[in-house]
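**Student:**
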Ligand code: NCD
Ligand code: ZN
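Residue numbers (the working numbering): 4 to 343.
1. Name the one or two DSSP bridge partners that residue 255 has.
2. Would you check if there are 3 or more beta carbon pairs closer than 8 Å linking the stretch 74-82 to the stretch 151-161?
3. How far does the beta strand (DSSP E) with residue 230 in it reach, from first residue to last?
4. Terminal residues of the continuous beta strand (DSSP E) containing residue 191?
5. What residue range is occupied by the uninterrupted alpha helix (DSSP H) comprising residue 203?
6. Check whether the stretch 135-145 and the stretch 93-113 are in contact - that is, three or more C-beta pairs closer than 8 Å.
7. Is it true that the stretch 295-306 meets the stretch 52-63, where meeting means three or more beta-carbon pairs spaced less than 8 Å apart?
8. What are the start and end residues of each continuous beta strand (DSSP E) run of 3 or more residues lying completely inside the stretch 103-151, in chain order?
9. Hey, out of 284, 123, 11 and 202, whose CA is closest to residue 222's CA?
10. Go through the stretch 252-317 residue by residue and report every complete run of the beta strand (DSSP E) that reaches 3 residues or more, in order.
11. Keeping to the same chain, check which residues put their C-beta closer than 8 Å to that of residue 33; ignore five residues upstream and five downstream.
12. How is residue 34 classed by DSSP in three states: helix, strand or coil?
13. What is the C-beta distance between residue 12 and residue 295, in whole angstroms, given that I count them as a contact (C-beta under 8 Å)?
14. Which whole-angstrom value describes the C-beta separation of residue 309 and residue 23, a residue pair presumed to lie in contact below a C-beta threshold of 8 Å?
15. Under DSSP, the alpha helix (DSSP H) around residue 92 begins and ends at which residues?
Rendered as structure tokens:
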């Protein structure tokens, strides 16, 4: 069986920098035409000038006709004029809200959501999307509840105060996020292959599995099912964003292992496998290739990729500089292959 679809876009991607960027970029560029490059570098991409420079480093890493699209990193001190100028010039197309300390390299993130209200207002005026890492960070909230509590206590007030602001719930992991997105206009969610594939048992399957640890952390099966239902529904509010987040193996297999799943090599195959299992392959293309472009207001892709139903075994790791990076579903049998 073969399936040709418009070349997908990845609306949530961590490309990093330097040797890691060079190692991982080809895997994304082989399958995706564009990707929204996340700004949680060290130091983070907090200004339009830094975004333009990072965009150039990605282009210089040599990705053929692949087009990086940049997201900026919001801090308590983000300047609304810089945000708007960068949006006008194409330096960046969206801003990312990381609650401080929510995830990898988010130390500079926003501690006081009210302090950046003027930035949100400006973004609403100019039609610039807000990408949200939706988790509270307080120790007294159970880690599995942090997304749902964030929706109630932080995002709902913003959502209701600024109905015209485009909001994307990034890497949605819960039924509550799906319902939130469905309930409000101008609200979308990106969905990752690993949250569609795994539930939280994967973190503890036969022992502690650091390579299944990502943020927001995997949830119960009922939540995974809600995400799958949203993905295959055909609803234009849900689209692909892989959250491919490479880390060297030694940083994940550690006393305090870091969060992130490197899924770029198997993301598109996994989306296809999920849709096929649900008998929804005919809706794969709108999810991977149209809904995100429509949300971001960019033209739908004109090129295509072909998927072949042919089992293959991805490598367990790839190498970045001197370091191995574990591949999502590496060493397992994967049902769909993307034709070269
Ligand atoms: C991401 C990373 O490693 O940069 N990690 C993750 O678990 N998803 C950060 C993020 O998107 O939260
Ligand atoms: Zn991410």
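Heads up, the beta-carbon is just placed ideally off N, CA and C, and yes, glycines get one too.
**Tutor:** Quick look at the numbers:
1. In the DSSP output, where bridge partners are listed per residue, residue 255 has none listed.
2. No contact exists between the stretch 74-82 and the stretch 151-161.
3. Looking at the DSSP string, residue 230 is not in any beta strand (DSSP E); the run it does join, the alpha helix (DSSP H), is 224-235.
4. Per DSSP, residue 191 belongs to the beta strand (DSSP E) from 190-194.
5. The continuous stretches of alpha helix (DSSP H) do not include residue 203, and DSSP gives it neither H nor E.
6. In short, these stretches touch, since the Cβ pair count reaches three.
7. Contact between the stretch 295-306 and the stretch 52-63 is absent, because fewer than three Cβ pairs lie under 8 Å.
8. Counting only runs of 3 or more, we get 133-135.
9. Nearest C-alpha to residue 222: 202.
10. Here the runs fully enclosed are 307-315.
11. Around residue 33: 341 and 343.
12. Residue 34 falls in the coil class under three-state DSSP.
13. Between residue 295 and residue 12 the Cβ distance is about 5 Å, and since that is below 8 Å, they are a contact.
14. Actually they do not touch by this definition, with Cβ atoms about 29 Å apart.
15. Start and end: 83-92.
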